[in-house]
Every structure is written in structure tokens, then in C-alpha cells.
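Student:
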């Protein structure tokens with residue numbers, strides 16, 4: 001990709017040659033272009049024209065890059081590249097609303113399909129809270145929201161929650177779990193909490209996604225060797241160092257994870273052999289890994305342990321740095337090729353797809369295992385969202401606002417078996433460990449042991465699709481019997497308050513609102529009232545009902 | 001055994017989930033065979049998993065006196081002309097009940113991938129998450145009506161993949177203790193009352209569109225409840241085992257884990273995995289191997305002896321394996337050398353059910369770098385395990401997407417080590 005090569009080479013001369021890169025490539029089209037390039041057939045017309053132009057030009061004198069050793073230098077340099085990214089200027093007044101998204105999605109899914117109706121206010125307020133702030137709403141918030149008569153109240157609630165610290169924390173935690181789930185690094189040399197705190201800060205400030213990723217990927221943590229007691233000090237306290245540290249600063253791991261987490265691409269298999277199901281070649285994997293190497297990078301020979309081949313850094317679409325780079329510069333280069341690369345449609349799309357997957361229970365494609373030969377569902381829709389995401393300055397809040405204001409997000413749940421039915425309803429989703437923990441601790445009050453146990457028992461790989469997740473007997477046993485949990489629930493403020501409520505119907509209403517964030521149905525009233533009548537001891541009866549709701553499927557489900 | 005295509009049964013519309021849940025026991029029950037009788041004939045398996053990949057040259061295929069052999073010596077075994085590494089004196093004496101394979105040619109030399117391959121018989125990658133073999137055994141031989149889980153793992157293992165929660169491993173972190181949270185202080189009628197209310201409560205969500213989740217939840221709670229009330233729970237505990245017995249297995253996590261495994265097998269659990277980590281010896285191999293091997297040598301020898309004495313060995317397959325082997329060449333790592341990852345030849349042990357003890361399969365070259373006789377694949381090994389367990393390796397399991405996948409894909413059972 002000569003355009004990118006130029007981009008990187010020139011950016012340091014700060015936009016000196018921005019005219020040569022000012023042409024816009026539509027992100028939606030770049031997908032096909034990228035594919036063609038991979039197969040080494042004719043590249044997109046405009047690209048070819050430009051590469052000819054580039055060749056005619058006298059070879060630019062090898063520019064001198066700054067050493068880029070400090071994070072601040074790296075950021076400044078990346079910011080310069082960012083400023084030269086043409087799509088920002090051209091597309092800045094493009095409109096794409098939730099209404100547009102619904103229309104194009106329903107057109108693709110099929111207008112004649114049966115769509116689930118839009119959820120009522122109680123379901124909505126719980127769903128939105130779980131998604132944006134990671135915990136169910138309090139009974140008071142549910143009542144207030146239901147009572148609100150403003151027509152735009154759903155939109156306003158989304159905006160309100162997006163402005164909270166809890167939103168930043170929830171999604172920081174999500175990405176921390178995503179990054180650390182496959183990490184096998186020595187725990188003394190990483191600091192997941194620091195990463196979470198740093199990400200929280202970024203999401204809170206509204207730092208664009210490209211900036212966050214560029215900083216994570218270009219980090220080059222250095223070991224503090226000064227004192228013996230610091231032998232595990234890799235500056236892991238600096239949050240943004242922890243993506244690199246989670247993968248031990250090892251080139252092959254970082255290559256695989258960068259592709260997986262920030263492009264949604266599974267290329268790991270190509271470390272040892274050409275990818276069995278995709279077009280990835282072994283060389284491509286090792287060329288990518290070469291960016292992360294701390295010295296020369298060698299691809300091991302498959303037939304002999306002693307022979308290796310030196311690899312030069314090259315990005316997945318063929319982009320190559322024009323000059324020899326130092327270790328630090330290479331990290332900046334990979335960040336630039338990944339993030340500020342018009343042809344790399346994967347970057348924006350993988351974020352969009354992940355968030356969609358978290359919100360609706362299914363992605364347009366498996367969130368971390370796409371390859372160039374694997375199709376995604378309704379590509380025109382997801383590509384469009386991804387393209388506009390870029391025009392919108394990679395603003396994560398824009399993505400949430402767009403998606404959560406759609407009918408698609410606000411539909412009732414349904415068990416979905418077939419791909420054709422996807423997005424006609426929302427898949428009922430298992431809550432993740434953080435959401436379960438928040439739901440339980442809301443009832444019991446803070447408790448470290450319960451919190452830890454729930455973290456452990458409900459831990460799941462956040463990159464696994466919802467439909468493949470499973471519950472365990474241990475989870476059931478914990479919620480049924482754990483002595484600490486039972487005693488805390490039985491001594492909880494909620495229970496103590498309910499015991500003092502005289503009116504049985506009010507007991508049930510308050511109980512359901514507190515545990516499931518909704519009022520009971522008629523059937524539930526009937527059942528609950530019967531139970532309260534039958535069990536002479538009111539406290540015991542309430543304990544039973546509380547136990548039932550905490551152990552219900554709904555308590556563990558986003559409905 | 002449990003085929004949905006059985007003649008006369010074709011018209012019954014099994015759902016995939018039901019098909020998975022069906023077991024030999026439930027199909028044969030109408031024929032007048034009670035579960036206990038079946039159990040006695042039925043096979044079981046204990047997988048001793050040496051996580052991290054043990055070195056073949058310090059275990060079953062030593063090369064003393066060669067450049068690659070390192071300082072490891074070989075010792076004679078009860079089998080004439082067969083030696084194994086010096087760290088395994090007890091197993092050397094019981095080798096007549098064991099089949100040794102020295103010639104597995106693997107394909108994966110990274111931990112996660114090797115672990116996957118040796119647990120599922122499949123290579124990682126691709127759209128399907130394959131079940132770990134314990135889950136396959138639980139699905140094929142497990143008793144759906146059993147109180148105890150049909151697959152217990154002492155220590156971590158892989159997941160049941162597309163076979164789902166019914167046959168997921170029940171993980172016990174520490175041997176000898178009751179699993180956490182199985183007891184509650186409530187009177188049984190009160191628990192039943194709560195469970196009845198729970199069922200009604202969940203019906204609401206099921207109707208609202210979460211039928212599949214509710215059904216899974218119900219199954220989990222049913223199984224949890226059965227486990228809580230089971231008299232067989234004491235199989236997890238060791239207090240009734242005499243101290244001498246506990247000593248014989250080794251008073252350490254691993255040894256006690258094997259003892260619990262035996263107790264669980266006795267109670268009818270068809271698959272127990274006991275893992276022991278720490279085999280990834282890139283450095284200091286020759287000192288570290290001593291302590292690790294001593295625990296495993298003692299434990300496995302005691303287990304085999306105990307199973308035999310109780311008449312359980314003929315129906316229990318014991319496998320001792322790791323994810324791959326280690327480089328024949330000793331590396332130069334500091335502070336002391338070790339061996340790195342190697343999948344081109346490695347070995348494992350099998351004993352008990354269906355296995356011809358006292359056999360040694362395959363041969364590697366003098367420098368230990370290649371198989372020169374009777375190379376076998378990981379798939380061959382899985383075919384052999386299926387034969388030993390009387391499981392039809394060609395049976396097709398269904399993924400949630402409805403894709404049929406054979407239990408083992410390819411490979412041939414190793415006739416030489418089967419009875």
C-alpha cells in the first residue's frame with residue numbers, strides 16, 4: 001500500500017505531502033479493495049493510479065524519524081498522522097441515525113419477517129442500566145422512569161448514563177477482561193487494575209477509540225533494573241502498558257492479539273502453518289509479528305529447529321515501512337498501520353461489531369475470529385456503521401447512542417436458533433460476572449468474599465458468543481446454598497424493610513422491583529400472595545421469596 | 001450404543017439435546033438391567049494429566065549415555081529388556097500392567113493447542129468447540145439419573161464444548177473436601193417448597209422468550225439438588241480411608257486427588273481427571289523432575305495397585321499423559337538447562353480396562369529425535385481409548401448447529417496394546 005507507506009514516511013515532516021493522500025476512499029468499499037489486494041489481483045483503480053504516481057516521483061530521501069522513545073513523543077507523532085487522515089475532514093457532516101440503521105437492517109433481514117415488539121419501560125430501564133453501567137437500576141429509578149411522561153425519555157436516559165463515571169468503569173472493565181482473558185503472563189509483571197483505571201479515565205474523557213488503541217499498541221514498557229526488589233517492575237502501574245505486558249512483550253503473542261482484539265481477526269493459527277480455513281499465510285503472521293520484535297525477527301523453520309528466516313515488518317494488507325525503524329518506531333508504525341489506515345476497515349468494524357454483540361447478544365460475525373474469506377451477516381449494515389464511526393471521530397459514545405436508540409436494540413427477547421432470524425429480536429443474554437456481582441451486592445450490601453466468589457464462578461471469556469456460554473452446577477450451588485450469601489440476604493436491609501410492610505401486595509411489588517427491577521405480573525402476585533398466606537412466619541416467607549428470585553433465571557439474564 | 005438411528009426408533013423425533021442426554025443406562029433400563037448391574041460392566045476412566053508436557057526422555061523413553069540423554073539414567077523394569085527413566089522406580093515394578101507408547105507423533109507444540117489436541121482428539125481452530133474427552137465419556141457412558149456428576153475434574157480442565165452443560169466437568173479444586181456449597185442448613189420440605197416456587201417463577205421468563213436459557217437453568221438446578229442430597233457425596237471425602245492408604249498414594253494434593261478419583265470411580269462416576277502441573281521444564285529440568293516424578297510415580301503406582309486389588313482395574317482405564325514432549329536436545333537455559341517444546345515424538349501410559357499390560361509400543365532413534373518404528377498419531381491414541389472404553393468412535397455427535405461430528409475423526413486403534 002504505497003499510500004500508507006507514504007503516509008508514515010511523510011507524517012513526520014508534518015503533513016508536507018498531505019495533498020498526495022487527500023483522496024477519500026470510501027471505507028465501505030475498501031473491504032473489497034483489501035481483499036483484492038490480498039489475492040494480488042488488480043488493486044482498486046485509484047490506488048493503482050496513485051502507486052504509479054508514487055513511483056514516478058523521485059525516491060524521497062530517507063526521512064529522519066524522531067526516536068519516539070517516550071510515550072509523549074509517540075502520542076505527538078501519532079496525532080500528526082491522525083491529523084492527516086483525510087476521511088475526517090470529508091465525512092464530518094455525514095448523517096447516520098438510529099432510524100437509518102433500523103431501516104437498512106430491516107431491509108437486509110427482510111421486511112416480511114416477524115419482529116419482536118419493542119420492550120416496555122421496565123424492561124428498557126433494566127436493560128440499559130445493565131449495558132451501560134453494569135448494574136440493574138434501583139427500585140426508585142425504575143419507578144421514576146416509568147412515571148416520566150416525556151416522549152424522549154429513553155434517549156435521555158441513554159445520554160444520562162453515558163455521562164456517568166459508571167459507564168466509563170463498566171466498559172473499561174469489559175476491555176480489561178477482553179485483553180486479559182487469554183493472558184498467561186506472570187501476575188507480578190502485569191497490573192490489570194491499572195489498565196482498568198486508565199481505560200476508565202479515557203472513556204470518561206471521551207478519548208476516541210483510535211487514540212486508546214494506538215497508545216496500547218505502541219507502548220514499549222521497559223524493565224526497571226535499578227534495584228533487585230524491583231525486578232518485576234515493568235512500569236505496569238502505567239495502565240496503558242498492560243496490553244503489551246499481558247502478552248509478555250512477545251512479538252508473536254502481540255501480533256496474534258492485536259489482530260484478534262483490535263481487528264476481530266483470527267490469525268494465530270498462521271503462526272505455525274498457513275491458516276486452514278482462511279487466506280492467511282504463515283509469512284503474513286510473522287511479518288506482522290516483526291513489528292513487535294525487540295530486535296531482528298526470525299520466523300522459525302518448520303522442518304528444522306536450527307534454521308530460521310529473518311522477517312521484515314509488513315502489515316496484513318501489504319503496507320511496509322519505507323525505511324529501517326528502531327524498536328520504538330516500529331511500535332508506532334504498527335499502531336499507525338492499524339489505526340490510521342483507510343484500507344484497514346477491520347479496525348473500526350471490529351469495535352462496532354463487539355459493541356453490537358454485547359448489546360444484542362450476537363455480532364454480525366464472530367467477534368474475534370473473522371478472516372478475509374469468512375463472510376459476515378448483513379455486511380452493508382455493519383460496514384456503514386463502521387465507516388460513520390470513523391467519520392464521527394471514533395467516538396465510542398456515538399456508537400452506543402446510535403445502537404441503543406434503535407428498535408433493533410429495544411426489542412423483546414427471543415431464543416434465536418437460525419442466522420436468518422438474527423436481529424428480529426434480542427437474544428436473552430447471561431449476565432457477566434460483573435453484572436451478577438453488582439446485582440447480588442445491591443441486595444446484600446458490600447461483601448468481599450461474596451464478590452470474589454461470584455467473580456470466580458461466573459467468569460467467562462468475554463469474547464465467546466452468548467449462544468455458546470454455559471452455566472455450571474457450581475454457580476447454582478453457590479446461589480442456592482452459600483452460607484455467607486444466605487445469611488447476608490436474610491439479614492439484608494431489603495428483607496428487614498419488607499418484614500415491616502403490612503400489605504402483602506406491597507411486599508411483593510417492592511421485592512420484585514428490588515430484585516428484578518420490575519413489578520410482579522398477575523400470576524406472580526397470585527403465587528406470592530398464596531405463599532405469604534400459607535407460611536405463617538412472615539420473615540420466613542419473605543426469605544423464601546427472596547431466595548426464589550435470586551435463584552431465578554431472570555435474575556441472571558438480561559431480558 | 002445410544003444411537004438415534006436404531007431400528008424401530010427412527011420415528012421418535014429426538015431433539016439434539018435429548019440425543020446427547022441419552023445414555024446407555026436409560027436405553028437399556030427397560031430391558032430389566034438395573035443401573036447397578038450396568039455400572040459393574042461399564043467402563044470408567046481416570047486421566048492423569050501432567051500439565052506442561054513432561055519430557056519423554058525423563059519418563060518412558062530415556063536415552064542414557066547419548067549426547068541428548070542428559071544426566072538421566074535408566075532403570076530396569078519388570079519387563080525384560082525394557083528400561084524407563086530412573087525417576088519412576090515404582091512404575092518400573094508395575095509395568096506388567098501398563099502399556100507404554102513411545103512413538104506418538106504429535107502436531108501441536110504450544111500448550112493450549114497441545115492440551116486441546118490431547119483432550120479432544122481434535123486440533124484447535126475452526127468453528128466448533130470440541131468437547132474434552134471426559135465430556136464425551138459422560139455423554140456416552142454416564143448415567144443421566146446419577147446423583148454425582150458424570151465427569152469430575154480435580155484441577156482445571158477444558159470445557160464440554162458443544163456437548164453443553166449436562167456433561168460439563170465438575171471441578172473440585174482441592175481433593176478430600178466436599179465440593180463447596182453442597183450443604184445448606186434448611187429442612188428439606190422448605191427447600192422443596194422453594195424449588196417449586198422457582199419452577200413457577202421461571203415459567204414466566206420461558207414464556208417471555210428465554211425458553212432455552214430457562215431449560216438449561218432447570219437442568220443445572222436439578223443436578224445441583226440431586227448432588228446435595230446424595231449419599232454418594234462422601235466419595236469426595238477421605239476421612240473413611242485409613243491413614244496407611246492415604247500415605248500410600250502420597251500425602252500431597254496429587255496423591256490425594258488420585259485417591260478421591262478411585263472413590264468416585266467406585267461410586268459410578270465414569271470419568272475423573274486428576275491434573276498435576278509444573279511439567280513445563282524449560283530450565284532446571286534435571287532437578288525439578290525429581291520431585292514431580294516422585295509424586296506421580298508413587299501416586300499412580302498406588303492407584304493401579306488399589307484398583308487391581310478391588311477388582312476395578314479391569315473396567316477402569318488409566319491414562320497418564322501430557323500435551324506433548326520435550327526437545328531431545330538439552331538447551332542452554334539458565335540457571336540450569338532444560339528441554340523445550342517438542343511434538344514430533346513423545347509418549348504416554350495406559351493401563352487397565354481393555355489394555356494389554358506389559359506392552360511397549362514404538363521405538364525412537366538413538367538420539368531421540370525421530371520415531372523409527374510404529375509411529376502413531378494422536379487420533380490413533382483416541383481410537384484406542386474408545387476401544388478400551390467400549391465407545392463407538394465413529395458415532396456422530398451433533399453440534400448445536402446440527403453438524404454431525406464423529407467422536408474421533410480418523411486414526412486407527414492400536415491393536416498391539418489392546419486385549
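Chains as they are written, first to last, in the working numbering: chain Y, 1 to 559; chain F, 1 to 419. Here a beta-carbon is modelled for each residue, glycine too, at the ideal position from N, C-alpha and C.
(1) What in chain Y is Cβ-close to residue 217 of chain F, meaning under 7 Å?
(2) CA-CA distance, residue 371 of chain F and residue 136 of chain F?
(3) Where do the ends of the alpha helix (DSSP H) carrying residue 192 of chain F lie?
(4) Entirely within the region 365-444 of chain Y and at least 4 residues each: give me those alpha helix (DSSP H) ranges in chain order.
(5) Is the beta carbon of residue 415 of chain Y closer than 8 Å to that of residue 450 of chain Y?
(6) Taking 8 Å as the threshold (beta carbon to beta carbon), is residue 324 of chain Y in contact with chain F?
(7) Residues of chain F with a CB under 9 Å from the CB of residue 544 of chain Y: which are they?
(8) For residue 71 of chain F, count neighbouring Cβ atoms within 10 angstroms of its own Cβ and tell me buried if that reaches 16, exposed if not.
(9) Quick one: grab the DSSP three-state call for residue 122 of chain F.
(10) According to DSSP, which residues form a beta bridge with residue 376 of chain F?
(11) By alpha-carbon positions, which one of F/67, F/414, F/322, F/129 ends up nearest to residue 405 of chain F?
(12) Anything in the region 509-525 of chain Y with a Cβ closer than 9 Å to a Cβ of chain F? List those residues in chain order, please.
(13) Residue 308 of chain Y CB to nearest chain F CB: under 8 Å?
(14) Taking C-beta to C-beta, are residue 462 of chain Y and residue 432 of chain Y nearer than 8 Å?
(15) Cutting at 6 Å between CB atoms, please list the residues of its own chain near residue 397 of chain Y, excluding the five before and the five after it.
(16) Tell me, please, whether the CB atom of residue 477 of chain Y is closer than 8 Å to any CB atom in chain F?
(17) Using the C-alpha atoms, what's the distance from residue 374 of chain F back to residue 363 of chain F?
(18) Alpha carbon to alpha carbon, how far is residue 292 of chain F from residue 531 of chain Y?
(19) In the DSSP assignment, find the beta strand (DSSP E) that holds residue 68 of chain Y and state where it starts and stops.
(20) On the criterion of 16 or more Cβ atoms from any shown chain inside 10 Å, does residue 173 of chain F qualify as buried, or is it exposed?
(21) Once DSSP output is grouped into helix, strand and coil, what is the label at residue 297 of chain Y?
(22) Take residue 269 of chain F and list the residues in its own chain whose beta-carbon comes closer than 6 Å to its own, dropping the five residues that flank it on each side.
(23) Can you pull out the residues from the region 408-421 of chain Y whose beta carbon lies closer than 7 Å to at least one beta carbon of chain F?
(24) Below 8 Å, how does it come out for the region 162-179 of chain F and the region 275-285 of chain F: are there three or more Cβ pairs, yes or no?
(25) List, in order along the chain, the chain Y residues whose C-beta lies closer than 7 Å to that of residue 223 of chain F?
(26) Which residues in chain F have a C-beta closer than 9 Å to the C-beta of residue 536 of chain Y? List them in chain order.
(27) Mark residue 309 of chain F as exposed unless 16 or more other C-beta atoms lie within 10 angstroms of its C-beta, in which case mark it buried.
(28) Below 8 Å, how does it come out for the region 186-197 of chain Y and the region 143-153 of chain Y: are there three or more Cβ pairs, yes or no?
(29) Is residue 217 of chain Y near residue 338 of chain Y, with beta carbons less than 8 Å apart?
(30) For the alpha helix (DSSP H) holding residue 287 of chain F, just list the boundary residues, first then last.
(31) Would you identify the three-state DSSP class for residue 46 of chain F, choosing helix, strand or coil?
(32) Select from Y/160, Y/496, Y/499, Y/480 the residue whose C-alpha is nearest the C-alpha of residue 181 of chain F.
(33) What residues from chain Y crowd round residue 164 of chain F, counting only those whose CB sits closer than 7 Å?
(34) Three-state secondary structure (DSSP) at residue 397 of chain F?
(35) Quick check on DSSP: helix, strand or coil for residue 176 of chain Y?
(36) Would you report the Cα separation of residue 288 of chain F and residue 358 of chain F, rounded to the nearest angstrom?
Tutor: On the basis of the coordinates in this document:
(1) 471, 553
(2) 30 Å
(3) 188-205
(4) 379-391, 396-404, 433-444
(5) Residue 450 of chain Y places its beta carbon 8 Å or farther from that of residue 415 of chain Y.
(6) no
(7) The contacting residues are 190, 193, 194, 197.
(8) exposed
(9) In the structure shown, the three-state DSSP call for residue 122 of chain F is coil.
(10) F/104
(11) F/129
(12) So the list reads 521, 523, 524, given in the order they occur along the chain.
(13) no
(14) yes
(15) 162
(16) yes
(17) 7 Å
(18) If I take the Cα positions, the gap works out to 58 Å.
(19) Segment: none, residue 68 of chain Y is in no beta strand (DSSP E) and carries neither H nor E.
(20) exposed
(21) strand
(22) 148, 152
(23) 412, 413, 414, 415
(24) no
(25) 473
(26) Correct list: empty, because the minimum Cβ distance to chain F is about 13 Å.
(27) exposed
(28) no
(29) yes
(30) 285-309
(31) Strand at residue 46 of chain F.
(32) Y/480
(33) 470
(34) For residue 397 of chain F, the three-state secondary structure derived from DSSP is strand.
(35) helix
(36) 28 Å
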